[in-house]
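*Asks:* Residue numbers (the working numbering): 2 to 258. Beta carbons: idealized from backbone N, C-alpha and C, even for Gly. Owing to the predicted nature of the structure, the values given are computational and were not obtained by experimental measurement.
Okay, here's the thing in structure tokens:
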């Protein structure tokens with residue numbers, strides 16, 4: 002099933018095993034369920050969740066307790082919303098994300114570095130597209146893979162152009178959709194970068210950061226979809242819960258196009 006064009010990002014609080022975990026996993030799940038219900042009531046088409054509160058992140062291969070917690074969180078969010086669910090296991094555990102999807106109602110995953118190499122605060126991260134494609138075929142062939150190009154909070158290798166990276170991602174990685182973002186969480190995505198990626202891709206292209214009520218209409222004139230988180234939080238603060246008024250406003254801005 003194609004990924005809906007308006008995806009709300011649920012930033013999970015610190016999960017069991019992470020440095021800032023409070024000890025109250027039920028509270029983390031309750032917050033996620035509340036955010037999911039807000040998105041569903043506002044009219045979002047899908048939800049993505051990620052272990053946002055687990056920083057500092059492992060580069061890949063997160064602990065088993067994280068996978069177990071995310072599996073529970075996906076099921077909780079789905080029950081609260083009945084929307085298509087995606088999962089991103091930060092920083093780049095695509096194998097873990099597929100494993101969660103195979104055991105839950107998740108219908109898509111996001112992979113920050115599916116192919117190539119990016120230089121991050123976790124060190125160099127190397128994509129595992131071959132492993133991801135083969136595991137997906139074995140355990141969850143219907144799960145869609147969204148893949149970032151020049152992912153945020155990272156630097157590309159010297160000499161690699163956005164066009165070439167997009168071509169490689171589209172033609173050689175097994176991705177079903179491409180994500181293009183700004184420099185970091187909540188940072189605006191360059192219209193020039195978006196246009197470059199769209200021109201170089203025959204896959205759906207989603208904008209993954211910096212989308213607001215004021216910009217979503219113009220962005221969707223170019224992109225296939227958006228992933229929205231920060232702008233619909235209370236006061237626009239990424240660690241706050243969703244604001245129903247802000248969430249409804251961005252849905253309204255989308256439908257008025």
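For residue 149 and residue 233, what's the separation of their Cα atoms in angstroms?
*Replies:* Straight-line measurement puts the Cα of residue 233 at about 22 Å from the Cα of residue 149.
*Asks:* Identify every residue that forms a DSSP beta bridge with residue 113.
*Replies:* For residue 113, which the question treats as bridged, DSSP gives no partner whatsoever.
*Asks:* Alpha carbon to alpha carbon, what distance is there between residue 171 and residue 12?
*Replies:* 27 Å
*Asks:* Using only CA atoms, which one of 235, 201 and 192 lies nearest to residue 216?
*Replies:* 192
*Asks:* Can you give the Cα-Cα distance for residue 31 and residue 80, rounded to whole angstroms?
*Replies:* 12 Å
*Asks:* Can you name the residues that DSSP bridges to residue 9?
*Replies:* 48 and 229
*Asks:* Residue 66: which of 60, 97 and 43 sits nearest, CA to CA?
*Replies:* Among 60, 97 and 43, the Cα nearest to that of residue 66 belongs to 97.
*Asks:* Straight-line CA distance for residue 162 to residue 213?
*Replies:* 27 Å
*Asks:* So who's on the other strand from residue 86, going by DSSP bridges?
*Replies:* 48
*Asks:* For residue 169, does the three-state DSSP call read helix, strand or coil?
*Replies:* Reduced to three states, the DSSP call for residue 169 is helix.
*Asks:* Could you give the distance in angstroms between the alpha-carbon of residue 74 and the alpha-carbon of residue 89?
*Replies:* 12 Å
*Asks:* Within the same chain, show all residues whose beta-carbon is closer than 8 Å to that of residue 221, passing over the 5 residues directly before and after it, in chain order.
*Replies:* 6, 227, 255 and 258
*Asks:* Just curious, the alpha helix (DSSP H) that residue 25 is in, first and last residue?
*Replies:* Premise fails: residue 25 is in no alpha helix (DSSP H) and is neither H nor E.
*Asks:* Looking at the structure shown, is residue 188 part of a helix, part of a strand, or coil, going by DSSP?
*Replies:* coil
*Asks:* Are residue 198 and residue 179 close, meaning C-beta to C-beta below 8 Å?
*Replies:* yes
*Asks:* Which class does residue 148 belong to by DSSP, given the choice of helix, strand or coil?
*Replies:* strand
*Asks:* On the three-state DSSP scale, how would you describe residue 223?
*Replies:* coil
*Asks:* Let's see if you can read the secondary structure: which residues bound the alpha helix (DSSP H) around residue 125?
*Replies:* Element bounds for residue 125: not the alpha helix (DSSP H) but the beta strand (DSSP E), 124–127.
*Asks:* Tell me the DSSP secondary structure of residue 79 in three-state form.
*Replies:* helix
*Asks:* Check whether the region 106–121 and the region 140–149 touch, using three or more Cβ-Cβ pairs below 8 Å as the test.
*Replies:* yes
*Asks:* Does the Cβ of residue 159 have 16 or more other Cβ atoms within 10 Å, making it buried, or fewer, making it exposed?
*Replies:* exposed
*Asks:* Between residue 187 and residue 210, how many whole angstroms is the CB-CB distance? I'm expecting something under 8 Å.
*Replies:* The pair is a contact, with the Cβ atoms about 6 Å apart (cut-off 8 Å).
*Asks:* What distance in whole Å lies between the Cβ atoms of residue 175 and residue 130, which are believed to be in contact at a cut-off of 8 Å?
*Replies:* 6 Å
*Asks:* In three-state DSSP terms, what is residue 217?
*Replies:* helix
*Asks:* Taking residue 61 as the reference, give the member of 251, 195, 138 and 128 with the closest Cα.
*Replies:* 128
*Asks:* In this structure, how does DSSP classify residue 234 when only helix, strand and coil are distinguished?
*Replies:* Residue 234: strand per DSSP, three-state reduction.
*Asks:* Determine the direct distance from the alpha carbon of residue 138 to that of residue 36, and round the result to whole angstroms.
*Replies:* 32 Å
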